[in-house]
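In what follows, a structure is listed as structure tokens, so that the remarks can point back to it.
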Amino acid sequence: MKIIFVCTGNTCRSPMAESIAQSKLPNHTIVSRGIYAIDGQPISDHTREILLERHLNMPYQAQPFTASDLEADLILTMGSSHKHTIKQLYDNPEHVFTLNEYVGQMGEVSDPFGGSKSAYLEIYNELNLLIDSLKNKILK
11 MKIIFVCTGN TCRSPMAESI AQSKLPNHTI VSRGIYAIDG QPISDHTREI
61 LLERHLNMPY QAQPFTASDL EADLILTMGS SHKHTIKQLY DNPEHVFTLN
111 EYVGQMGEVS DPFGGSKSAY LEIYNELNLL IDSLKNKILK
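In the working numbering, the protein residues as written are 11 to 150.
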């Protein structure tokens, strides 16, 4: 199964989700993208630090979401705005959900961009729990 995590710039939330999911779902293809990513932009310093501290693989450069990404089996966004943007741009694909929605949770994953390392850690911990739920759902 190929899963794509999507956020705004592909420098904070979706790279974290990608790295966490790769460690928990090693038999699946996991990547991340950003709706407004600048191709080649490095991930944020706090994201890099957190992933290194946890010995997780990390994407080193942001990549924008493109039409070819629709070939994934599942597209999971950090917020409803990302979901709606993909659905509007690409003729309402049915395999696009917010991560929270897909695992049966309320809310969205907040953007820590520009925040403190502790704000990034909160998002990391939230994503870790959400991806545990994702793993349970996929492996059922």
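We put the CB at the ideal spot given by N, CA and C, even for glycine.
Same chain only: Cβ atoms within 7 Å of residue i, ignoring 5 sequence neighbours per side
{"i": "proline 25", "result": "Ser42, Ile53, Thr57, Met68 and Pro69"}
{"i": "lysine 93", "result": "Thr87, Val106, Phe107 and Thr108"}
{"i": "serine 29", "result": "Leu61, Leu66, Asn67 and Met68"}
{"i": "glycine 117", "result": "Asn110"}
{"i": "tyrosine 134", "result": "Met26 and Ile60"}
Top-ranked residue by Cα proximity to residue i, from the options
{"i": "serine 128", "options": "Val113, Glu59, Gly114 and Tyr46", "result": "Glu59"}
{"i": "serine 145", "options": "Tyr112, Arg64, Glu118 and Val16", "result": "In the sequence under discussion, the amino acid at residue 145 is lysine, which differs from the serine named in the question. Taking only the C-alpha atoms, the option nearest lysine 145 is Tyr112."}
{"i": "isoleucine 45", "options": "Ala31, Ser33, Ala27 and Pro74", "result": "Pro74"}
{"i": "tyrosine 100", "options": "Asp79, Gly124 and Ala31", "result": "Asp79"}
{"i": "glutamate 136", "options": "Val119, Gly124 and Lys147", "result": "Val119"}
{"i": "serine 126", "options": "Thr95, Glu104, Asp55 and Ile85", "result": "Asp55"}
Per-residue burial, residue i [other beta carbons within 10 Å of its own, 16 or more giving buried]
{"i": "leucine 149", "result": "exposed"}
{"i": "threonine 76", "result": "exposed"}
{"i": "glycine 89", "result": "buried"}
Beta-carbon proximity list for residue i, same chain, < 8 Å, skipping 5 on both sides
{"i": "glutamine 51", "result": "Gly19, Asn20, Thr21, Gln71 and Ala72"}
{"i": "arginine 23", "result": "Phe15, Cys17, Met88, Val119, Asp121, Pro122, Ile133 and Leu137"}
{"i": "serine 143", "result": "Val113, Gly114 and Gln115"}
Expected contact under 8 Å - CB spacing of residue i and residue j to nearest Å
{"i": "alanine 82", "j": "isoleucine 141", "result": "In fact, because the Cβ distance is near 16 Å, the residues do not count as touching under 8 Å."}
Alpha carbon of residue i to alpha carbon of residue j, nearest angstrom
{"i": "tyrosine 130", "j": "asparagine 102", "result": "31 Å"}
{"i": "lysine 97", "j": "glutamate 63", "result": "36 Å"}
{"i": "serine 91", "j": "lysine 147", "result": "24 Å"}
6 Å Cβ shell around residue i - same chain, five flanking residues per side excluded
{"i": "serine 33", "result": "Leu66"}
Residue-chain proximity (residue i, chain D), Cβ-Cβ < 8 Å
{"i": "threonine 18", "result": "Although the question refers to chain D, the structure presented lacks it and comprises just one protein chain."}
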